[in-house]
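For the record, in the sequence shown the residue sitting at position 57 is 56 according to numbering that gives the first Met the number 0, with numbers rising by one throughout. To start, the structure itself, in structure tokens.
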Amino acid sequence: MTNAADFEAEQNALGRVWTFLCFTSDIPKTNDWLRTTLGGKSIFVQRFESGIRAFENRCAHRFFPLRKEEKGNGPVVCGFHHWRYNAEGLALGIPKCEEMFGKTPRELNARLPAVEIDICGTMVFGRFPGGNPVSLREWLGPGWDILGAMVGEPPPRNRIARTVGAHWKLLMEISLDDYHIVAVHPSTFGKDGYLSDKTIYYARFGAHSAYLPGGDAATLEQIRAACAENGFVPTRYRIFQFFPNLIVAFIRATTYLGETYWFALVQQLVPEAHDRTRSVTRFIPVPFKGDAPAWRRIARRHALPWISAGFGFYARKIHLEDNEACEELQKAVGLVDSDPHLAAQELRVRWFEEEYARFSGAGRATD
Ligand code: FES
Ligand SMILES: [Fe+2]
């Protein structure tokens, strides 16, 4: 968290772990692409006729960046000497290839390093090869059914993006900390915090964890089973943190005309430097289940933009409060020379540190 060399080593290791990259709806049309970061490297994710693929964002010829914008549409053609790549990342269109290289493009066999891709519902995950070969489904565990059933396509307007001057781990850990609510969010969560319910239950599954207020050891499996049958209706706040960089919460927005509106909030942390993280949050209305009379469906359609705007206002405020706390913590990371005193409501911070030590090969678990 204090220097570029350690950050590079950490990212190199974590790039081999399944990491949330984007939504399928971010690249809806053939040849749509977006640029992001994985394992400390610039990559681009593109939809081809044959499906979604991702590659390192550097030409195999002389390493010119293939994608210079955040997103766009078009075939993979390098701007430096016009090498053109196919959906397998193989350079098949090489100007004057035989004259310049004495070979055909097939013989030259120049390729872009590929990112392995898998998709859960609307969510695209990727990893570089060379890590634990576990499938995405195994990696997510019960999260596979939950994310697949409960996270839809985010409306473009429901987006909060900010660059935060802090290591990504601080942003993850503040989301795992239910002890800071009263001090950091006094006006949004109220004086009691959202933990006035005394039955705190934390679930740990694989490298991930969840806060399930009012729950017990059976709750996670109940939610998973309901999701698998597509019958899950949220009735309480739930938050799931997927290692390394994904936070998914189900949050009650408001009750209006006798109906309760819920959102799935999806926060993605993109590590950019040891002291800089891009935080991108989307929030997606959870669809109502069952039939409803026409007037109700019309009322919902009219209410939703206003409810989304109100929800976005509070979500932005809470993010900003957390981000400011993380930026303060970042100022102190170089001074730390002892283990923290973790409270019962910070149990999941310890779990996370244990997983971090396991997968990054850099940290060490606090005890
Ligand atoms: S660097 Fe890409 S074609 Fe030369
Ligand atoms: Fe917070």
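Cβ coordinates follow ideal geometry from the N, Cα and C atoms, glycine included.
In the structure shown, what three-state DSSP assignment does residue i receive?
i    : result
S278 : strand
D336 : coil
C21  : strand
T365 : Because T365 carries a pLDDT of 41, less than 50, the predicted location of this residue cannot be relied on, and the following value inherits that uncertainty. Looking at T365 - three-state DSSP - the assignment turns out to be coil, as it is neither helix nor strand.
P284 : strand
D321 : helix
I347 : Note that residue 347 is Arg in the sequence shown here, rather than Ile. Three-state result, R347: helix.
C77  : coil
T35  : strand
F63  : coil
L341 : coil
I306 : helix
L135 : helix
F231 : coil
R357 : helix
Y236 : coil
F242 : coil
C96  : helix
F127 : coil
L107 : helix
E68  : coil
N11  : helix
I297 : helix
G311 : helix
K316 : helix
A331 : helix
N2   : coil
With C-beta atoms as the reference, is residue i less than 9 angstroms away from residue j?
i    : j    : result
A206 : R357 : yes
L328 : A182 : no
I173 : D338 : no
P128 : R15  : yes
I306 : Y260 : yes
R277 : V123 : no
Q10  : D177 : no
T23  : E48  : no
V247 : I145 : yes
L111 : E55  : yes
A59  : A109 : yes
R46  : P64  : no
M149 : A263 : yes
R61  : H81  : no
W167 : W17  : no
G214 : T234 : no
P74  : L89  : no
Regarding residue i and ligand 2, is the C-beta to nearest heavy atom distance less than 8 angstroms?
i    : result
A324 : yes
S186 : no
E345 : no
E320 : yes
S174 : yes
V163 : no
I159 : no
V183 : yes
I180 : yes
Throw me the rounded Cβ distance for the residue i and residue j pair, which I believe falls under 8 angstroms.
i    : j    : result
G151 : P286 : 7 angstroms
L37  : V114 : 6 angstroms
E354 : F204 : The Cβ separation is near 11 angstroms, so there is no contact.
V44  : A160 : Between A160 and V44 the Cβ distance is about 17 angstroms, and since that is not below 8 angstroms, they are no contact.
V269 : T1   : Their Cβ separation, rounded to whole angstroms, is 20 angstroms, which puts V269 and T1 out of contact at 8 angstroms.
G125 : L20  : 5 angstroms
Does ligand 1 have even one heavy atom less than 8 angstroms from the beta-carbon of residue i?
i    : result
C58  : yes
C96  : no
W82  : yes
R315 : no
R203 : no
F54  : no
R61  : yes
F79  : yes
- Item | alpha helix (DSSP H) runs wholly inside the segment 137 to 224, at least 4 long, in chain order | 142 to 149, 167 to 174, 180 to 183
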